[in-house]
Amino acid sequence: MLDVEALALLGDHVALDFVNTIEDRTGHHPDDTLRTPDDLYRWARRVGIEDVSPESPLGSPRDELGRVVHLRESVHAILVAFDNGHAPSYMAMQVVSDTCVEACTHRRLIGGPPSLTWAWDRPCLENVRYHVALEAASLLTDPRLMARTRLCAAELCGWFYLDHSKNNSRRWCSMRGCGTREKAKRRTVSHA
Ligand SMILES: [Zn+2]
1 MLDVEALALL GDHVALDFVN TIEDRTGHHP DDTLRTPDDL YRWARRVGIE DVSPESPLGS
61 PRDELGRVVH LRESVHAILV AFDNGHAPSY MAMQVVSDTC VEACTHRRLI GGPPSLTWAW
121 DRPCLENVRY HVALEAASLL TDPRLMARTR LCAAELCGWF YLDHSKNNSR RWCSMRGCGT
181 REKAKRRTVS HA
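Quick note: full-length UniProt numbering has the sequence shown finishing at residue 192, numbered continuously throughout.
In structure tokens form, the structure reads like this:
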């Protein structure tokens with residue numbers, strides 16, 4: 001089982017890295033790296049989400065992890081629907097939408113010149129879910145970024161990433177990982 005600290009961050013967007021917290025998502029043995037509330041806390045620290053703590057004011061951290069996974073799978077379902085050229089399910093959109101509304105009730109503007117900043121009510125585990133929901137909504141509503149959001153072409157990978165290549169031609173989440181494996185597989189098939 002892969003530890004969240006060893007997980008590759010290849011999405012180039014925090015919402016995509018969030019969806020990619022399952023290694024080999026479409027493989028024979030998907031490995032969910034968010035197994036405990038502590039995994040979630042360490043992932044958030046690793047990707048630089050601020051004002052996070054292991055405590056959950058809404059109840060048990062385990063329940064919060066359940067809400068986080070539900071959000072992650074809803075964002076994933078929307079990305080898969082788009083990748084297939086379909087409209088996403090109302091339920092999946094509702095989960096992201098509701099979490100954004102909830103997030104906005106827990107933050108306020110603070111600061112001074114030259115600009116203001118959003119601050120959460122308090123450091124807590126919920127802030128991870130709030131942060132990624134707002135980031136996911138910002139990605140999903142940005143046609144320019146969505147036009148560059150890709151599903152890795154490796155059959156057993158299932159990861160999403162932003163394709164910043166000049167001619168929009170990046171095919172794999174990582175050239176060294178999935179790219180090399182897929183090319184080796186094709187060579188084996190063509191030599192068989
Ligand atoms: Zn891949």
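The beta-carbon is built from N, C-alpha and C at its ideal position, and this holds for glycine as well. All of these numbers come straight from a predicted model, not from anything done at the bench.
- Just measuring C-alpha positions, the residue of L116, P123, D83 and R181 sitting nearest M146 is D83.
- Distance from the CA atom of A44 to the CA atom of E126, rounded to whole angstroms, is 11 Å.
- Counting every other CB atom within 10 Å of its CB across the protein chains shown gives L10 a total of 16 or more, marking it as buried.
- If you check the CB distance, C157 and T21 do not come in under 8 Å.
- Contact annotation: H29 and L139 have beta-carbon atoms that are not nearer than 8 Å.
- Between C124 and P57, the C-beta spacing is below 8 Å.
- Where R150 is concerned, the enclosing beta strand (DSSP E) starts and stops at T149 to L151.
- Shortest Cα-Cα distance from L151 to any of T141, C104 and R170 involves R170.
- For G66, no beta strand (DSSP E) encloses it; the enclosing alpha helix (DSSP H) starts and ends at P61 to D83.
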